[in-house]
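The structure under discussion appears below in the form of structure tokens.
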Amino acid sequence: MKKPPFFALFVVALIASSAWADYSGIVFADRNANGIHDPGEVPVAGVVVSDGLHAVKTDKNGRYVLPGHEVERFLFMTVPDGCKAYPFYRKIEDGKEQYDFALLPNKKGTPGKEHSFLHITDTEIFNTGEHEDWVNGLREYAEKTGASFVIHTGDICYEKGLKEHINLMNTGNFPCPVYYCIGNHDLVAGKYGEEVFENVYGPTFYSFDSGSTHYIVTPMLGGDRKPGYTKEDVYRWMKNDLALVPKGKPVIVFNHDILTTGDQFKYGIGKGEEIDLNAHNLKAWIYGHWHINHMRFQGEVFTMCTGTVDKGGIDHSTAAFRDIHVDVEGYPSSNLRYAYLDRAVHVASVQNGKSPLSKNGSLTVLVNAYHAGSPTKGVTCSLTVDGKKLPEVALSRRTDWNWSAEVPMPAGAAGKKVQLRTRVDFGHGLTVDAEENFICTPFAANPVRTGNPWNNLLGNPEHSGTVPGAPLPPYELAWVSNIGANVYMASPVVREDKVYVAAMDEDLKGRSGIYALDARTGELLWRYPTRNSVKNTIALDGDTVLAQDSDGYLYAIHGKTGMLRWEKKLNVKDVPGLIEGLVADKGIVYAGSGRGLTACSVKDGKELWKNSGWDQREGTTTTMSLGNGVLISGSQWQALFGNDAATGKLLWKIDRDGLRNRGASAAIHGDKAYITSQDGLFVLETATGNVLNHVKLPVSVDVTSTPLVTDQEIIFGSARDGLIALDRETLTEKWRHAPGDALVYTAPYTRKVSATIETSPVLAGDATVLATASDGSLTALDRKSGNVLWKAMTGAPFLSSPAISGNAVFVADFSGNVYALTPVAGK
């Protein structure tokens, strides 16, 4: 319905009194929730109503008047704080000029005060089913935590997904309002790209209020089909919308993608026409699109990207949603929440019927507990030692997954039978009890004695992962310690009497950093905080610990003192951030990605060379491999690259046969490199990149697992089918070991049920394979048959690989537990 362009020139102040106004109506409190303005139902004044260009407030009688405009399709209101509306919009119909809006109380809101909401994105349900688990968990969490609303920031995905998703979650079947953004894959065939979206979800840009904050939903400006709206349309509406927002009121913007990676958030069309969102008290820009979990401050603005709630992300981010709390000043904070988990409880400090006493004679009790539908409120435990019950003890929260306590034990507890009973309170009357019966083992029954350093992922820069003199199973815990932060794909490294791990912090609350533990006792010796998450491999060169964070900073830390030796900002993209793992050898550290891939002197950080042969793209979990004078690295959805380790010159690039889409690292054995990608195993010539052999696999291997190459096998993890061994000569499958279903889903597009192994196996001695898995298991298997020789379960996923030094195996689970295991005494 077209209007004379004359109307578009009216300023907001004149619209309400225009004699030529076309649309009017009333906003009212819908007492009986029937959507009709019945006699006695109170009108609501001061509610903003828009036609997609103009914006006006209702008068004291709850009435509004709007002129419409040339590209109008909807009238919609800015739902006030403490209210909900289903729907909040009305589609304009030919010949109809009266449109009333019904408001209902949002019982989960906290009018004018702090509040919280849930963020999901990129569910892409067009080719998947069985969504009840994650949706019900989200619904339960919204109910139990009192979330004010849920926002989905786009890529519901194609016509099928768009039409089905609304039935999974909407304001009618959730305990709070549900809002949607449009993503690039939501622009589909039709009269215009957003036609299907509009028919199901309504307008593509709009606003609402919650607590003290004004929220603006903006659309993706391009995608699979051309949209009918333009940036100018969004800009002119937003300008009028913000004109009615009280000065100083906090603003948060939702979009499918990020507006800028800089500090200035300006939305406009050029020629001096732009909105300075910073001047409008912008507090956060919240988005999706990248399938990653990524947070950073851009000046004073918090930017938050959430991965996919129902499946693993592109950069192997956990399937998750965000619980975002907004205080009265509009400042947001995040708690990332993992999907699917249903009252998962496990005592991690008891393994195979034994638990060690600490040096001071106390017992470390570590409980991994998680429920997707509610936060863990508390954990208690009680112990009975040799028939005598000890007082109940409350455990302290260490991470989002872990609770711990040091329980004083009576003299002579070593060797005694102990019963441990734990109770986990998930809130709202939901509790889970667990019981463990075990023997207390004395401190240092088989003490940790470190040997050769474990300097890089899988022990060396080639990532060979073979340890001829390694300790053999059965193992028992020498100690277990929680560092107070999540450990992702940063496998432990070991030198002398210290074990080093790195932590990530998906909520940017100051927990990320490098941690040094006493290898003999598990005692935390020092922590060096990093600016953002360290998500992947760290390395040692001499007594220097090297790590890179997702903001692109490279750190060199003194291994003995924890003091910074130097740091360097690498020339990498701010989004998707730096997720790759680094490698170090002979006084040189290789870090970064794309044009920011750099070789630096470990001594002083001096730049030796910088890559100019290829660009950074989507985040990849590849850890660089170094051998035979070649540095092998890669970029997700682009290629695998070989650079000259001495000069940085690009030697070769492979982007065919599935090698462009991979998160794994290469194992270099002399002139050959072994790597998995997508659904294939490749044997390459290290110097040239020539493919010497390629076998297509019947499973997805889009995981971070580096192949273990023995004299007879090639062994690696997979996305859904566990650990796989191929005959090295024939490249045919020899055996397969399937762990349980992953506790969290990380491999791209994997979801329930998936026996995922993101980690790299290690060969202990000449016959034992050690492997960690996403079901929380550490398993020792026979190299030739794949038969299980020994197993431990932790109750938290493993995303980092084992390290071996001297007589000890060191592993770190996602909950932040670091374990030291030694052979059972006397075996």
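The number in the numbering used here is simply the position in the sequence shown, starting from 1, with 255 added. Cβ atoms here follow ideal geometry from the backbone N, Cα and C, with glycine treated the same way. If you're wondering where the values come from, they're calculated on a predicted model, not measured in any experiment.
Inset, instruction - List in chain order: all unbroken alpha helix (DSSP H) runs of 4+ residues lying wholly within the segment 461 to 545. - result: 486 to 498
Legend entry - Inter-residue spacing [alpha-carbon to alpha-carbon] between residue 208 and residue 510: Past the edges of the chain, shown from 256 to 1082, lies residue 208, and the structure says nothing about it.
Legend entry - Separation of residue 516 from residue 830, as counted between CA atoms: 7 angstroms
Legend entry - Cβ pair residue 750, residue 1061 closer than 8 angstroms: no
Inset, instruction - Could you tell me if residue 928 is buried or exposed, where buried requires 16 or more neighbouring beta carbons within 10 angstroms of its beta carbon? - result: So residue 928 ends up on the buried side.
Legend entry - Exposure label - residue 551; buried when at least 16 CB within 10 Å: buried
Legend entry - Closest residue to residue 912 among 1017, 585 and 938 (Cα-Cα distance): 938
Inset, instruction - With DSSP as the reference, label residue 331 as helix, strand or coil. - result: strand
Legend entry - Other residues of its chain near residue 941: CB distance less than 8 angstroms, five sequence neighbours each side excluded: 882, 883, 885, 887, 897, 923, 925, 926, 927 and 928
Legend entry - Pick from 765, 716 and 755 that is closest to residue 740, judged by C-alpha positions: 765
Inset, instruction - Using alpha carbons as the reference points, say which of 524, 557, 545 and 553 lies closest to residue 567. - result: Taking the Cα of residue 567 as reference, the smallest distance to any Cα among 524, 557, 545 and 553 is reached at 545.
Inset, instruction - Output yes or no for whether 8 angstroms exceeds the beta carbon distance between residue 715 and residue 653. - result: no
Legend entry - Identity of the residues DSSP links to residue 1072 by a beta bridge: Per DSSP, 737.
Legend entry - Rounded separation between residue 1036 and residue 790 - CA only: Taking the straight line joining both Cα atoms gives about 28 angstroms.
Inset, instruction - For residue 969, name the three-state secondary structure that DSSP assigns. - result: strand
Legend entry - 6 angstroms Cβ shell around residue 606 - same chain, five flanking residues per side excluded: 732 and 1047
Legend entry - Proximity winner among 305, 423 and 803, relative to residue 847 (alpha-carbon distances): 803
Inset, instruction - Could you please give the first and the last residue of the uninterrupted beta strand (DSSP E) stretch that includes residue 278? - result: 278 to 284
Legend entry - Cα-Cα separation between residue 499 and residue 309, rounded to whole angstroms: 11 angstroms
Legend entry - Distance, residue 353 Cα to residue 276 Cα: The pLDDT assigned to residue 276 is 49, lower than 50, so where the model puts this residue is not dependable, and the model offers no usable value.
Inset, instruction - Would you tell me roughly how many angstroms separate the C-alpha atoms of residue 677 and residue 1028, rounded to the nearest one? - result: 25 angstroms
Legend entry - Counterpart residues of residue 1077 in DSSP-defined beta bridges: 731
Legend entry - Minimum C-alpha distance to residue 368 - residue among 336, 840 and 776: 336
Inset, instruction - Determine the contact status of residue 609 and residue 681, defining contact as a CB-CB distance below 8 angstroms. - result: no
Inset, instruction - Taking the CB atoms as reference points, tell me whether residue 935 and residue 954 lie closer together than 8 angstroms. - result: no
Legend entry - 7 angstroms Cβ shell around residue 272 - same chain, five flanking residues per side excluded: Legend: pLDDT at residue 272 = 41, less than 50; position of this residue unreliable, no value from coordinates given.
Legend entry - Cα-Cα separation between residue 282 and residue 805, rounded to whole angstroms: 47 angstroms
Inset, instruction - Can you give me the Cβ contacts of residue 1071 inside the same chain, cut-off strictly under 8 angstroms, excluding the 5 residues immediately before and after it? - result: 653, 654, 656, 657, 737, 738, 739, 740, 741, 742 and 758
Inset, instruction - Work out the CA separation of residue 350 and residue 383 for me, nearest whole Å. - result: 41 angstroms
Inset, instruction - Taking only the alpha-carbon atoms, compute the straight-line gap between residue 519 and residue 554 and give it to the nearest angstrom. - result: 8 angstroms
Inset, instruction - Could you name the residues that DSSP lists as bridge partners for residue 633? - result: 680
Inset, instruction - Please report the residue range of the beta strand (DSSP E) in which residue 897 lies. - result: 894 to 899
Inset, instruction - Go through its chain and collect everything with a Cβ distance to residue 296's Cβ below 7 angstroms, but skip five positions before and after it. - result: 283, 284, 285 and 286
Inset, instruction - Please determine if the segment 410 to 425 and the segment 302 to 318 are in contact, where contact requires at least 3 C-beta pairs separated by less than 8 angstroms. - result: no
Legend entry - First and last residue of the uninterrupted beta strand (DSSP E) at residue 779: First-last of the beta strand (DSSP E) with residue 779: 779 to 784.
Legend entry - DSSP state of residue 984 mapped onto helix, strand, coil: coil
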